[in-house]
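Same order as they appear, the protein sequences are chains F and C.
The working numbering puts the first residue of the first sequence at 79, with every later residue one more than the last.
The working numbering puts the first residue of the second sequence at 79, with every later residue one more than the last.
There are 2 protein chains.
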Amino acid sequence: MPRAASQPSGRGRPIDPDIETRLLSTTLELYGDLGWARLNLDLIARHAKVGKAALYRRWQTKEQIMSAALRFSQRSLGDLDTGTLRGDLVAVGQETAERLFGNHGTVRMRAMIDAKVFPELFEGEIAGVRAEGITGGREIIFRAIERGEIAKGTSPALILDAVAGTIEHHYLMTPNSKLKEFEAGIDKYIESVVDLVLGGIKSQSSSADR
Amino acid sequence: MPRAASQPSGRGRPIDPDIETRLLSTTLELYGDLGWARLNLDLIARHAKVGKAALYRRWQTKEQIMSAALRFSQRSLGDLDTGTLRGDLVAVGQETAERLFGNHGTVRMRAMIDAKVFPELFEGEIAGVRAEGITGGREIIFRAIERGEIAKGTSPALILDAVAGTIEHHYLMTPNSKLKEFEAGIDKYIESVVDLVLGGIKSQSSSADR
Numbered sequence: 079m080p081r082a083a084s085q086p087s088g089r090g091r092p093i094d095p096d097i098e099t100r101l102l103s104t105t106l107e108l109y110g111d112l113g114w115a116r117l118n119l120d121l122i123a124r125h126a127k128v129g130k131a132a133l134y135r136r137w138q139t140k141e142q143i144m145s146a147a148l149r150f151s152q153r154s155l156g157d158l159d160t161g162t163l164r165g166d167l168v169a170v171g172q173e174t175a176e177r178l179f180g181n182h183g184t185v186r187m188r189a190m191i192d193a194k195v196f197p198e199l200f201e202g203e204i205a206g207v208r209a210e211g212i213t214g215g216r217e218i219i220f221r222a223i224e225r226g227e228i229a230k231g232t233s234p235a236l237i238l239d240a241v242a243g244t245i246e247h248h249y250l251m252t253p254n255s256k257l258k259e260f261e262a263g264i265d266k267y268i269e270s271v272v273d274l275v276l277g278g279i280k281s282q283s284s285s286a287d288r
Numbered sequence: 079m080p081r082a083a084s085q086p087s088g089r090g091r092p093i094d095p096d097i098e099t100r101l102l103s104t105t106l107e108l109y110g111d112l113g114w115a116r117l118n119l120d121l122i123a124r125h126a127k128v129g130k131a132a133l134y135r136r137w138q139t140k141e142q143i144m145s146a147a148l149r150f151s152q153r154s155l156g157d158l159d160t161g162t163l164r165g166d167l168v169a170v171g172q173e174t175a176e177r178l179f180g181n182h183g184t185v186r187m188r189a190m191i192d193a194k195v196f197p198e199l200f201e202g203e204i205a206g207v208r209a210e211g212i213t214g215g216r217e218i219i220f221r222a223i224e225r226g227e228i229a230k231g232t233s234p235a236l237i238l239d240a241v242a243g244t245i246e247h248h249y250l251m252t253p254n255s256k257l258k259e260f261e262a263g264i265d266k267y268i269e270s271v272v273d274l275v276l277g278g279i280k281s282q283s284s285s286a287d288r
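What follows is the structure, encoded as structure tokens:
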């Protein structure tokens with residue numbers, strides 16, 4: 079009897095890699111449904127049908143599991159290199175749209191908002207997630223400067239915020255009844271956003287040359 | 079005794095206009111702290127120190143009071159006319175920033191997100207609030223087209239989403255420890271966003287002329 083009870087903690091690291099995936103997906107779902115204040119580790123374990131010990135061995139606080147879940151849901155921008163700034167920014171737009179229309183929808187935006195509302199709980203853990211996203215995006219702009227596509231000194235943050243932010247804002251302003259239509263035309267829409275931003279960058283570079 | 083109990087419902091419409099302001103501010107605060115799922119009318123009445131009867135005479139559901147509160151927190155863009163597109167877009171940017179840095183911070187963004195998560199509860203009521211924002215913004219673009227500042231066929235939504243969305247996204251990506259710094263430089267930042275967007279519009283108009 080004591081053997082059975084102590085077995086889980088004796089097992090060491092993941093035997094079943096699916097357990098992590100299940101715990102992280104469940105975290106995103108519950109957070110989306112319940113919000114930050116009502117999220118807790120026991121609830122996550124129960125809904126994921128995973129033993130508490132298996133969860134606590136990996137994550138000890140809801141801040142920790144939530145940032146792991148956000149990382150898990152985030153496609154890395156660092157690996158992305160299409161060879162042109164336009165191609166890279168379209169890919170950033172696609173990543174943004176896939177996230178919004180995907181299973182975990184607005185989870186990332188809500189998390190960034192909750193980081194403002196519950197800073198003492200959340201901000202420290204989320205800072206790393208945010209920094210990874212920013213670093214990946216910067217690479218895109220630095221490569222474009224190296225290729226001579228845009229002028230030195232172009233602000234990476236401004237460009238990336240403009241591409242992702244425009245799409246996010248449009249998504250939030252779209253009534254639910256029109257979301258399907260928005261999604262159907264999303265590729266063309268992303269291109270129009272990227273072309274607006276690229277036109278803006280180029281007009282700034284040329285006025286700086288003058 | 080019965081007279082005192084029946085008195086409130088006999089009073090008719092607002093005697094104390096402060097009551098409405100107090101109820102709407104409290105709604106925004108509680109929503110910001112607790113989220114949509116835990117918000118309810120009795121809680122609002124208690125926190126606002128207003129009798130339930132006085133609340134229920136005005137709003138019968140939390141959807142109704144929440145949309146009234148969002149309207150109350152929204153400065154109308156319709157009244158705004160600085161005479162130039164750049165001036166108007168800077169004003170849109172200022173309105174966005176004031177909202178984010180203001181008392182009720184991210185409430186509007188969270189409400190738009192919750193409208194996606196709890197559509198059956200929320201979407202109908204919020205549609206009107208959203209539509210008012212969009213109508214006000216469109217006027218800005220139509221006036222600029224009339225003045226000949228930009229080409230016919232320029233998408234109002236794309237421009238307004240770009241100005242507000244870029245600022246919102248930047249706000250969400252800014253760590254709390256750097257928010258003060260961001261706020262201190264907000265006027266210059268808003269101008270750089272507006273100039274990026276204006277440059278983009280103008281480069282599109284000129285490539286359409288060709």
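Ideal placement from N, C-alpha and C gives every residue a C-beta, glycine not left out.
Beta-carbon proximity of residue i to residue j, cut-off 8 Å
{"i": "residue 126/C", "j": "residue 104/C", "result": "yes"}
{"i": "residue 207/F", "j": "residue 145/F", "result": "yes"}
{"i": "residue 175/C", "j": "residue 237/C", "result": "no"}
{"i": "residue 182/F", "j": "residue 106/F", "result": "yes"}
{"i": "residue 119/C", "j": "residue 97/C", "result": "no"}
{"i": "residue 289/C", "j": "residue 280/F", "result": "Since the first and last residues shown for chain C are 79 and 288, residue 289/C lies out of range."}
{"i": "residue 223/C", "j": "residue 232/C", "result": "yes"}
{"i": "residue 274/C", "j": "residue 278/F", "result": "yes"}
{"i": "residue 108/F", "j": "residue 101/F", "result": "no"}
{"i": "residue 187/C", "j": "residue 246/C", "result": "yes"}
{"i": "residue 229/C", "j": "residue 270/C", "result": "no"}
{"i": "residue 21/C", "j": "residue 227/C", "result": "Chain C is shown only over 79 to 288; residue 21/C falls outside these bounds and no answer can be derived."}
Rounded separation between residue i and residue j - CA only
{"i": "residue 178/F", "j": "residue 94/C", "result": "44 Å"}
{"i": "residue 163/C", "j": "residue 272/C", "result": "10 Å"}
{"i": "residue 171/C", "j": "residue 276/C", "result": "13 Å"}
{"i": "residue 220/F", "j": "residue 209/F", "result": "16 Å"}
{"i": "residue 266/F", "j": "residue 249/F", "result": "15 Å"}
{"i": "residue 251/F", "j": "residue 190/C", "result": "7 Å"}
{"i": "residue 193/F", "j": "residue 254/C", "result": "8 Å"}
{"i": "residue 166/F", "j": "residue 121/C", "result": "48 Å"}
{"i": "residue 168/F", "j": "residue 161/F", "result": "12 Å"}
{"i": "residue 173/F", "j": "residue 240/C", "result": "17 Å"}
{"i": "residue 113/C", "j": "residue 225/F", "result": "47 Å"}
{"i": "residue 243/F", "j": "residue 242/C", "result": "8 Å"}
{"i": "residue 268/F", "j": "residue 159/F", "result": "17 Å"}
{"i": "residue 134/C", "j": "residue 235/F", "result": "47 Å"}
{"i": "residue 201/C", "j": "residue 201/F", "result": "30 Å"}
{"i": "residue 148/C", "j": "residue 99/F", "result": "38 Å"}
{"i": "residue 115/C", "j": "residue 111/F", "result": "9 Å"}
{"i": "residue 180/C", "j": "residue 185/F", "result": "23 Å"}
{"i": "residue 211/F", "j": "residue 259/C", "result": "21 Å"}
{"i": "residue 197/C", "j": "residue 197/F", "result": "28 Å"}
{"i": "residue 123/F", "j": "residue 139/F", "result": "12 Å"}
{"i": "residue 217/C", "j": "residue 217/F", "result": "38 Å"}
{"i": "residue 205/F", "j": "residue 205/C", "result": "33 Å"}
Listed by chain order, chain C residues near residue i by CB distance under 8 Å
{"i": "residue 142/F", "result": "Under the 8 Å cutoff, chain C gives no residues; its nearest Cβ is about 18 Å from residue 142/F."}
{"i": "residue 270/F", "result": "233 and 236"}
Closer than 7 Å: residue i CB and nearest the ligand SAM heavy atom
{"i": "residue 279/C", "result": "Ligands are entirely absent from the displayed structure, and the ligand SAM is therefore not among its contents."}
Interface partners of residue i on chain C, CB under 7 Å
{"i": "residue 113/F", "result": "113 and 115"}
{"i": "residue 264/F", "result": "Ordered by position in chain C, no residue passes the 7 Å Cβ test against residue 264/F, which lies about 14 Å from the chain."}
Chain F residues whose Cβ lies nearer than 9 Å to that of residue i
{"i": "residue 191/C", "result": "183, 184, 187, 188, 191 and 250"}
Contact set between residue i and chain C, taken where Cβ atoms lie within less than 9 Å
{"i": "residue 110/F", "result": "195"}
message: So if I threshold CB-CB distances at 7 Å, which residues from the segment 223-240 of chain F count as touching chain C?
response: Cβ contacts with chain C come from 235, 236, 239 and 240.
field: Within 9 Å of chain C by C-beta, residues of the segment 119-139 of chain F in sequence order
entry: Within the segment 119-139 of chain F, no residue has a Cβ that lies closer than 9 Å to any Cβ of chain C.
- request: Mind checking the segment 239-262 of chain F against chain C and listing, in chain order, the residues whose C-beta falls within less than 7 Å of any C-beta there?
  value: When CB distances to chain C are screened at a threshold of 7 Å, the residues of the segment 239-262 of chain F falling below it are 239, 240, 242, 243, 244, 246, 247, 248, 250, 251, 253 and 254, in chain order.
Residues of the segment 272-283 of chain F whose Cβ lies closer than 9 Å to any Cβ of chain C, in chain order: Hits within the stretch, in order: 273, 274, 275, 276, 277, 278, 279, 280, 281 and 282.
query: Taking Cβ-Cβ distances below 8 Å as the criterion, which residues of the segment 200-223 of chain F are in contact with chain C?
result: Look at the segment 200-223 of chain F: the residues with a C-beta under 8 Å from a C-beta of chain C are 201, 205, 208, 211 and 212.
task: Would you mind listing the alpha helix (DSSP H) stretches within the segment 141-203 of chain C that are 4+ residues and don't spill past its ends, in chain order?
output: If only uninterrupted alpha helix (DSSP H) runs of at least 4 residues are considered, those enclosed by the segment 141-203 of chain C are 163-179 and 185-195.
field: Every unbroken alpha helix (DSSP H) within the segment 196-275 of chain C, with a cutoff of 4 residues, ordered by chain
entry: Secondary structure within the segment 196-275 of chain C: the alpha helix (DSSP H) runs of 4 or more consecutive residues, fully enclosed, are 197-224, 234-251 and 257-262 (chain order).
query: Quick one: complete alpha helix (DSSP H) runs, 4+ long, within the segment 106-139 of chain F?
result: Every alpha helix (DSSP H) stretch that sits fully inside the segment 106-139 of chain F and reaches 4 residues is listed by chain position as 119-126 and 130-136.
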